[in-house]
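Chains as they are written, first to last, in our numbering: chain Z, 259 to 759; chain X, 3 to 171; chain F, 1266 to 1585. Where a beta carbon is used, it is the ideal one built from N, C-alpha and C, also for glycine. Predicted, not measured: the structure shown is a model, and the values here were computed from it.
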Amino acid sequence: MDQLASALVHVMTPVPFLWLLLGVSSGIFVGAIPGLGGGMLITLVLPLTFTMDSTNALIMMIGMYVGSVSGGLISATLLRMPGTPSSVVTTFDGYPMAQNGEPGRALGLGIGSSVIGGLISGFFLVVLSPPLSIWALSFGPWEYFTMIMMGMILIASISKGSMAKGLLAGALGMTAAMPGLNESDGQLRLTYGFTVLSGGFNLLPVLLGIFVMSQILKDAISIKNVPKLMVSSRAIFPSWRQWAGHSVNLIRSSVVGTWIGILPGVGASISAMVAYGMAKTFSRTPEKFGTGHDEGIIASEAANNANVGGALIPLVTMGIPGSPIDAILLGALVLHQIQPGPLLFATNSSFVWALIAAYLVANIIMFVLMTLSVKHLARVINFNRAYLLPAIFVFCLVGAYSLTNRMFDVWVVLGFGVVGFLLDRAKVPLGPFVIGFVLAGPLEAELRSGLQLSQGSLMPLLTRPIALCFLAVTLFTLIFPIVSDQFKKARKRNSPAEETL
Amino acid sequence: MNNAPVKGAVVNIVLGIGCLAYAIFLYIGALYVSPPIFDPLGSAAVPKISAFLIALLAVVILVTGLRQRANPDVVAAETTDEGVAGDVSTSPRYDLGLSLLGFCAAYVAVMEFGVLGYPIATTVFLFAAGLMLGGMSRRNVLLSLIISVAIGFGSDFIFSEFFYIQLPR
Amino acid sequence: MLIRIKTAILAACGVMAIGAGSAVAEFPERPIKIIVPTSAGGAMDTLGRIVQRAFDEKGIFDQKVVIVNMPGAGGTIGTRAVKDAEPDGYTIGFWHDGLVTSKAMGVVDYDHNAFEIIGTTGYSAVGMGALKDSDLKSLDDVIAKLGAEPKSVSVATNIGLPVHFNPLITFDMAGVEGLMVQIGGGSKRLAAVLGKHTDVAQFAVPEFVQFRASGLEPIVVFSAERDELLPDTPTAKESGIDLVLQSNRIWVAPKGTPDDVVEILSDALNQVLSDAKVKEELSGLGVTPVFISPNDTTAMLENYRELVSPLVANAKSLSE
């Protein structure tokens, strides 16, 4: 604790604080722009930090990481364009709430949940890092498989409207994850002879296409009658009592986000999806999800910020990156002559504590900056779309292109933009499409790894306790609605006095 | 007024047929996937299952669409949200959407094939798209010009000189 | 076909340029792109950035050197981009022995012979490790267990890459069959072994040193002699498996790049690798900072190709 206190004091001294402030503000800025994200920003500034003090450099990068994950909620809420992949789920309820005339409240909920999620995972980072990272090791292929399947089933009925269309969207999204080199057997599949497809479709371009490009087209065809939202877009925070009413959701989503952050190779977008699904399952009003419901925004934003702190846990305790951005941070450590690994805490403890302190302070700075600046940033909601839409496409192009340095990824943005637009016209929900796309890859890969381990047997599903728990929850979620439906119908039949239809 | 459910029915029929075709395309692709080598399941299983699932759902939607077309009045209640979407004062300007898409494609293509570099292509694209979407008023021409030059060359300067992104030249 | 003809013409132009004499003497006249076949972060990308920074800081070229990340498809998106680039020395790249295994797996139809080899900027000695309290204390234990019961030892791998093939080769030479499990990149393999999901996995020697505190214990190294970092760990040779493997960082240029341009690049890499700071940074990455000449690199890759190629054919024929 002494070390944490002195690290906090160090981070609050002018020079580190200014670097952190710069990091958080630039992170929020790129996070809010669809196409640009934290990973890209950190990669790009990395060469510029070579001449900096290594602690300051890493502090700034942590700030960028926290800022970028938070900034994504602004465009997700106001434009239905997720600024970063981790804020995809925020569009489900943030945008409808903003369109219902409460953009300020939607932003307030998002910002508040972000800082709470960030600080809760910060608590785990400070207090429980070593045991959590050891417990995370107990997750093998079967645990991953059942956990992801549980997440998928929990949100299967994520959207309003036709059930068949929701499922169709999910299945179509799953197929978008299939082409290219398959890691389970090292073979190409579904490339139809095009070598350009050998890498498959990357996450970012598909998300940009499905959500951002399709929205650009959608806004373009209705550009002459975009309704002006006259309501102030200043962040409006719910009262303490309302926050208290959401405390279970906040804590649950933050724990989910932290935990998924700890697991290597499972991204922030997945943690938001799982938290959203759980919030919906445990909600008393699940039917309100997707229509601009508080609980949806809270679950998504608490989880994706908690994911950042969670992903730092294996990084500082074992030298294992919990997310792609942590892998970049790990590379930055090496370039700054700091050897990551399980001994980092022992050999460089003041440095590690400085990172943790920076993470905590970054969340506070993010909260203050977002609250102050959101009024100005929110003006984009009434910004002339004739200038806004083309400019957003330019940023999508830069973001998609710089990912792999090929134009192919930009064509993917355009192609999936058209697909998303057409599906939306046909009233096929886009949320399940993206969920199918994001979850299908790990779901199949983990199942096949598990089958390799068990030599084709499905028995580990029953013999491994954690996997069995996830499986039980999954089955329960599948069966419960049917049973309760039957129950309700039976009750209705027994009370003929009730008006039918 | 009565035309919305019929339109919804046609959309469902087209969607059903389209997805059915995609499912077949996917299944044929899965037939060419090499047999399982390093694991019992193999790479073809999941695509095949997905193709079946998509085909099944496509048939469901197709049948719904055909039913809706046969008796639009009965299902009018099911498609209530159609009314909300169609509540806008003017009809959707598909021409604008299509043109914007064309502009975007042309913008990407000129860079892919090395006709123009990023700064010039971006400036031209932003200017043209701004005019198309915003109209030809003098104010709009001026504003579009300022914005396109600022973003086109400004972002190029930042990305190339400061951040070393290798944008097409 | 068209591309091949184009390459041939460009190659011919390159040869003419050498004839003229002056054009190449000026190399480089514009920025050099280093294609990294992974995304930012991770050991390969960091190696590229160390070398790039050294180029810039030491002013070896008058021109800027930039890193271009082209991840995807097991590195083949990046290597293909290098292969198809103009052979003028301004687009180069590096990769590991996956250059050979990707062709063996049938993912691409080219291997190291489709490139001009610039050289190798260091290598990692590799070995296999198990959990400290596992009953597998040596390669002999693993082979004995597998001999008694095939597939009784699971190996965390990344299928189609050297970490998959090296254990395969080892078991093949010992006449036993291990259980290969797709786990993924280095940190996921480490987690799989530490979490007791798989028994063993291949790691680089410096990783053993780094993660020993977590309970990872080396059981064999594939070097010619015992590694000075792990003096207590026997070599595969000591267990009767005559196999020497290492993980190389191989720099390549498109086929047809003029010989003297390749030589300039080769010298530049050699010069960078002799720098004390670069050496220290590469060691931190788990890379032994030794420059290996183009000819020796090619010989190593040919040798590896001969080891790897029959294994995939075997695996495929077994499955059919």
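Cβ-based burial, residue i [other Cβ within 10 Å; buried from 16]
i       : result
Z:M717  : exposed
X:I153  : buried
Z:T543  : exposed
X:G116  : exposed
Z:S505  : exposed
Z:F634  : Checking the sequence shown, residue 634 of chain Z turns out to be His, not Phe. Its Cβ having fewer than 16 others within 10 Å, Z:H634 is exposed.
F:K1402 : exposed
Z:A725  : buried
F:S1496 : What sits at residue 1496 of chain F in the sequence shown is Pro, not Ser. Classification for F:P1496: exposed.
Z:I740  : exposed
Z:N663  : buried
X:Q70   : buried
CB contact below 9 angstroms: residue i versus chain F
i      : result
Z:N663 : yes
X:Q70  : no
X:F40  : yes
X:Y34  : no
X:Y166 : yes
Z:G297 : yes
Z:P399 : yes
Z:S326 : no
Z:D311 : no
Boundaries of the alpha helix (DSSP H) in which residue i is found, first to last residue
i       : result
F:I1357 : Looking at the DSSP string, F:I1357 is not in any alpha helix (DSSP H); the run it does join, the beta strand (DSSP E), is 1356 to 1360.
Z:N663  : Run containing Z:N663: none; DSSP gives neither H nor E here.
F:F1468 : Per DSSP, F:F1468 belongs to no alpha helix (DSSP H); it is in the beta strand (DSSP E), 1465 to 1469.
Z:L705  : 688 to 711
X:S101  : 96 to 114
F:Q1317 : 1308 to 1323
Simplified DSSP assignment, three categories, for residue i
i       : result
F:K1298 : strand
Z:V303  : helix
Z:P361  : helix
X:A46   : coil
X:F161  : helix
F:G1505 : coil
X:A11   : helix
Z:G295  : coil
F:S1389 : strand
Z:A748  : helix
Z:Q445  : strand
Z:F452  : coil
Interface flag, residue i vs chain Z, CB-CB below 9 angstroms
i       : result
X:R171  : no
X:A23   : no
X:A11   : no
X:N14   : yes
F:R1314 : yes
Within-9 angstroms CB hit, residue i to chain X
i       : result
F:Q1328 : no
Z:V676  : yes
F:M1438 : no
Z:T404  : no
Z:T433  : yes
Beta strand (DSSP E) segment containing residue i, residue limits
i       : result
F:T1422 : 1419 to 1422
Z:E553  : Careful: Z:E553 lies outside any beta strand (DSSP E), inside the alpha helix (DSSP H) at 552 to 576.
F:F1556 : 1553 to 1557
F:A1518 : 1511 to 1519
Heavy atom of the ligand COA within 8 angstroms of residue i beta-carbon
i      : result
X:S101 : The ligand COA is absent from the structure shown, which contains no ligand whatsoever.
Checklist entry - Using 8 angstroms as the threshold, is the segment 471 to 482 of chain Z in touch with the segment 673 to 682 of chain Z, meaning 3 or more CB pairs across them? => result yes
Checklist entry - Do the segment 373 to 387 of chain Z and the segment 620 to 630 of chain Z make contact, defined as three or more Cβ pairs closer than 8 angstroms? => result yes
Checklist entry - Does the segment 1507 to 1526 of chain F come within contact of the segment 1354 to 1366 of chain F, defined as at least 3 CB pairs closer than 8 angstroms? => result yes
Next on the checklist: Tell me whether the segment 17 to 37 of chain X and the segment 1570 to 1578 of chain F touch, counting them as touching only if at least three CB pairs, one residue from each stretch, are closer than 8 angstroms.
Outcome noted: no
Next on the checklist: Does the segment 1533 to 1545 of chain F come into contact with the segment 1467 to 1475 of chain F, if we say contact requires no fewer than three beta-carbon pairs (one atom in each stretch) closer than 8 angstroms?
Outcome noted: no
Checklist entry - Is it true that the segment 685 to 702 of chain Z meets the segment 426 to 434 of chain Z, where meeting means three or more beta-carbon pairs spaced less than 8 angstroms apart? => result yes
Item to check | Meets three-Cβ-pair contact criterion under 8 angstroms: the segment 331 to 351 of chain Z and the segment 381 to 391 of chain Z | outcome: no
Checklist entry - Does the segment 441 to 457 of chain Z come within contact of the segment 565 to 575 of chain Z, defined as at least 3 CB pairs closer than 8 angstroms? => result no
Item to check | Three-pair Cβ contact test at 8 angstroms for the segment 1320 to 1328 of chain F versus the segment 1379 to 1392 of chain F | outcome: no
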